[in-house]
Amino acid sequence: MIFTDKASFRRVSLLELDGEALSALSEEMKLSLSEQDMLAVQAYFRETGREPTDVELEVIAQTWSEHCKHRIFSSEITHETAQGKEKVDGLFKTFIKQPSEVIFERKPGFVLSAFHDNAGFIKLDEQYAICLKVETHNHPSALEPYAGANTGIGGVVRDILGAGRGARPVANIDVFCFGAPNTPQPDIRGEDVIHPLGIMRGVVRGVRDYGNRMGIPTTGGAIQFDAAYIYNPLVYCGTAGVIRIADIDKAMSSGLKIVALGGRTGKDGLKGATFSSAALDSDSHEEDQTAVQIGNPIEEKKVADCILAARDEGLITFVTDCGAGGFSSAAGEMLSEVGGEIFLERCPLKEPGLESWQVFISESQERMVVAVDPARVERLQELAMIYGTEATVIGHSDGTGILRVWHHGELVCELDNNRLHNPPRQIRSSRWMPAAPDSSRVWDDEDLATSLSRLLGDFNICSRAPVIREYDHEVQGNTLLKPLAGARGDAPQDGSVIGIDGSEKAMAIALSLLPEWGKYDPYRMGKACVDECIRQLVLTGGDPDKAAILDNFCVGNPDDADELGALVETCRGISEAALAYGAPFVSGKDSFYNYFETEDGPVSIPVTCLISGMAVVEDRNRVTGSTLRRADSIICLLGEGSGLMGGSVYARHCGVVTAEVPDIDCMAALARYRKLALARDSGWILSAHDLGEGGLAVALAEMGFGMKAGIEIDVDQVDAPAMATAAQRLFEETAGRILLEVAADDLENLRACFAGHSFKVIGKAAADHENLVVRDAAQSCLIDVSLSSLKQVWKNAIGAYY
Amino acid sequence: MVTKPHALLLKFPGTNCDAESARALEAAGFTTQILPASQLGPDSLEQVDLLMLSGGFSYGDYVMAGRLAQLRVEERLGLALNGFVEEGGFVLGVCNGFQILTKLGLLPAGSLIDNSSGRFICRWTELHVENCDSPPLVYLPGTFELPIAHAEGRFVAPDGMVQEYFDNGLVTLTYGDDVNGSERQIAGIQNQAGNVFGLMPHPERFLYRQHHYDPDWLAPDQSQWGWGYHFFRGIRDHVVGEAVVESLEESAL
């Protein structure tokens, strides 16, 4: 086995440097620390009365990095809108934490852990809790798509293994944002930028090879295409987990052994935390390759088997994963209050010649750190041997409150953890002053059938089957609602439902992102994202009052007041909606500097907010799919339209960027969803499908893709403003709406159930043809087209490129 | 009280269908033990009625799927495995387990190579029973469905052997359509004695009715079970012998 043979560190002279020289030092050491940060570091060491070691500076750099500390989300922001200026005392505190805490109080005993652990837990039943965590791995995926996505999955799975005293991963979700796969090469204005098709193929295969090998079903996801993502593709990786409630609480104490479990430490993945906190440029493609690694899913599978077995034997007092910052952040998390010692010479290595700081902050994959009672260490090592991995004691907790790192007898790092974890607060300013929307356009459409077909072939709407089929979505044998279903197993689904071993209940998982909306109205985008996620959770089988959500933001340049302003507005939107739905945030993450200096100037992504969520499904028999099941059923629409076309795929096809984005009344929507849950639990709902991108017409077609029946509707029965044209009724994307399939015999029950809510019978399934037929009140036929031809367009759009 | 038959499930680093396989076997009336490969020894097969190699990616399958697991089994079990088979013990390999059994030479000569599409494929497929006397298939209809999930499931045999396999009842299952390029759409095979069975589809993933992709699917007997349950029930009845079957059925009630 390989270990270091000597300590290798140096003292860095900074006590006497001025601000400029400190900045230069940060630059030279690639610390990504600002002058203000460096001055704070200098003040700390002046007080301590000595120069720092390089190890200490590297530890501070990664601890204070945006990636680890979310400094922009805690910064003080002066936000300017048409209404004037307001002060936001931290986005996280104001818009995420505070509304969630209100809901925690309103629903005692529901959220069992939030914000402080690797993932947030909600109560499933008396014995079990469920959790969800989503991370981004954008910069690595831009440089090396396969490996970047691969290690993205690996990292978030370790988050779940390190949540509580070890949760069991039960499902993965993956959300990608790419440039269009048919982007012409000359349109890519940067050297060494990988073509979107190459990014997509690499990322999908990276996810496939890690998730499939780990034996975790990939049950949900989304892909967004927009030219803004050519230079900065986004890769969100999420994992859901299950734990016994008794295994959630973990607390450090003095006298525990600190054990490194899993893979060995190498030079791979150095400085990933600081790397991911800066913008990409062409140089990144050359310089930062060391920050990206190739994952080893089998090593992680062995670690997972070992952790879960150790947890079941009660061996684990505390566990966390080695993510960004490696041992330094894992040990920092464990020892930040209790204090303790780490001995770097004990860490098993992949290769010789590592310097002290490299051992301590390397982000080599597939490593966990566990705190164990000294008497149980031997058994943990035995389990590691049984499952084919390694457990090595590298230190202990000691109650001093100080983290000391030794290397061959030399003290290479000694930091007061209380102060190490408090970087200076940033002060920022933001602005949101959009042009007033233009409502003068008349939405005429002479050929609605062709428009529908074009929408179904849009990259943002078409079937993801070629991608989904590469993921094992059924391993573990608990996938009750699959990503593709219907009578032929190839129709779309609004979310997924995972059965939980040992419980009668199940877990619904859903997600939403609407970056196109955010370009014009980020506040309404935020509300609609929360709505769509909750709506999907409820219609697939979840309890509307037992849902929790996650916020994951990707943003361009936060130093640009308008881009930061869009983020502030988004946060305000999701915050209001979360409070209205009573769905607390239990975890979240952010990724900044997703912009790129092209030959024609900087290109930023639109503010991209992924809301993902989980909900308790009380009964496995209440799981509801999205495709028509009968040829004699009635089709109803729940929720009202607004006629507003802003943000819609249809508007994009028409080249309109000035239309108003629709708003949603969340309280009214929640009341409808509660009624829907009642109707579903009474057995009155055969299938349910949400209206999303492409609006009503696309949703109807998708509902028919199970090919059990034709569909006939009267577009004038749709609840929308009287002046709305057929095109508006068919293609607007106003949130809060759901298509329902019900048996004729249950219709009166449903009418009573939804009394006082927007609930309209708009049509029926048809046994005598396989077409989608849309008429108006005058009985003129607006669309009459075969579902199988629409399905061909929908199924084949991406196949040509993937 | 009738003693239940016992199933041993081998778990290699990267095996990942062991838990749901054990669940299915227990539902069908087995007691089960999941044994990490590091604990495997020549006496591991004592008191075992069914040895199951479940799906996953043993050792990552970075060399040909199942190759390293084969070497590990040969090293740890040696002749004990051959003895187990000769004495009539039942061996089942699903997906990666099928690949391992093929490498171990316990099944008719052949290999499972990359799917003709070159891709991993996860979907449900129709299956046709080619040998209705094969123990796992005795309770299944001539045509039924199971999910598949594999990258290396294309069965190829030495020149001219496939017809012989069909003629001798060694081909047990074929796909309803060409999912992966297998010769004559072979999905499952067994040895001459009928006590070593390998298949690519996953019976453990269709234990309950709710596992089916179509919410309206219902077995002809209108029970809660999916076809996978009947697959494992067939193995159970084979290993316990007819005399015990009835009393087992009773104790289940």
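From first to last, the protein sequence lines stand for chains A and B. Residue 15 is where the first sequence starts when you use the numbering used here, and the numbers rise one by one after that. Residue 483 is where the second sequence starts when you use the numbering used here, and the numbers rise one by one after that. Built from N, CA and C at the ideal position, the CB exists for glycine as well.
With a cut-off of 8 angstroms on Cβ pairs, the segment 603-620 of chain A is not in contact with the segment 467-480 of chain A, counting fewer than three such pairs. Within the DSSP bridge table, the entry for Trp446(A) names Thr95(A) as partners.
The segment 672-681 of chain A makes no contact with the segment 737-744 of chain A, as fewer than three CB pairs between them are under 8 angstroms.
Nearest to Gly337(A) by alpha-carbon distance, out of Ser378(A), His667(A), Gly587(A), is Ser378(A). Within chain A, the residues whose beta carbon sits less than 8 angstroms from that of Ser520(B) are Met399, Ile400, Tyr401, Gly402, listed in sequence order. DSSP places Met682(B) outside both helix and strand once states are collapsed to three, so it counts as coil. When only Cα atoms are considered, Met399(A) and Gly353(A) end up about 29 angstroms apart. Boundaries of the beta strand (DSSP E) around Asn186(A): 182-192. Here Lys689(A) is buried: its Cβ has 16 or more other Cβ atoms, across all protein chains shown, within 10 Å. For the segment 465-486 of chain A, the residues whose beta carbon sits under 7 angstroms from a beta carbon of chain B are, in order, Arg483, Glu484, Tyr485, Asp486. Contacts between Ile603(B) and chain A, judged by CB atoms closer than 8 angstroms, involve Arg483, Glu484 in chain order. Linking Lys101(A) to Gly579(A) through their CA atoms gives a straight-line distance of about 12 angstroms.
If only uninterrupted alpha helix (DSSP H) runs of at least 4 residues are considered, those enclosed by the segment 80-142 of chain A are 80-83, 85-88, 112-120. For Cys614(B), no Cβ of chain A is located within less than 9 angstroms of the residue's own Cβ.
Counting only residues of its own chain and dropping the five nearest sequence neighbours on each side, Leu705(A) has a CB closer than 6 angstroms to the CB of Ala713, Arg751.
Across the structure, Arg694(A) and Glu632(A) are spaced so that their CA atoms are roughly 12 angstroms apart. Taking the Cβ atoms as the reference, Pro683(B) lies roughly 6 angstroms from Leu609(B), within the contact range of under 8 angstroms.
Boundaries cannot be given for Asn608(A), as no alpha helix (DSSP H) includes it and DSSP labels it neither H nor E. Linking Ala506(B) to Leu628(B) through their CA atoms gives a straight-line distance of about 14 angstroms.
Take Tyr224(A), set aside five residues on each side of it, and the residues of its chain with a beta-carbon closer than 6 angstroms to its own are Asn164, Ile167, Gly168, Gly309, Pro311, in chain order. Between Gln490(A) and chain B, the shortest Cβ-Cβ separation is below 9 angstroms. Residue contact with chain A for Asp696(B): present (Cβ-Cβ distance below 9 angstroms to some residue of chain A). Per DSSP, Glu424(A) is one residue of the beta strand (DSSP E) stretching across 424-430. Beta-bridge partners of Pro629(B) (DSSP): Trp606(B).
Annotated three-state conformation of Arg636(B) is strand, per DSSP. From the listed residues Val221(A), Leu211(A), Phe118(A), Gly653(A), the smallest Cα separation to Asp240(A) is found for Leu211(A).
Pairing Gln76(A) with Ser370(A) gives a Cβ-Cβ distance that is not under 9 angstroms.
Contact check for Gly180(A) and Gly220(A): beta-carbon distance about 25 angstroms, past the 8 angstroms limit, so the pair fails to qualify. DSSP, reduced to helix, strand and coil, places Ile619(A) outside both helices and strands of the structure shown, so it counts as coil.
Along the segment 678-705 of chain B, the positions whose C-beta sits under 8 angstroms from a C-beta of chain A are His684, Glu686, Arg687, Leu689, Gln692, His693, Tyr695, Asp696, Pro697, Asp698, read in chain order.
Annotation: Ala562(B) to Glu568(B) spans about 10 angstroms, alpha carbon to alpha carbon. Sequence-distant Cβ neighbours of Cys499(B) in its own chain, meaning closer than 6 angstroms and more than five residues away, are Ser536, Gly537, Gly538. Across the structure, Glu746(A) and Ala501(A) are spaced so that their CA atoms are roughly 28 angstroms apart. Put simply, the backbone Cα of Ile603(B) is about 32 angstroms away from that of Glu557(B). With fewer than 16 other Cβ atoms from the protein chains shown falling within 10 Å of its own Cβ, Val456(A) counts as exposed. Closer than 9 angstroms to the CB of Ile312(A) there is at least one CB belonging to chain B.
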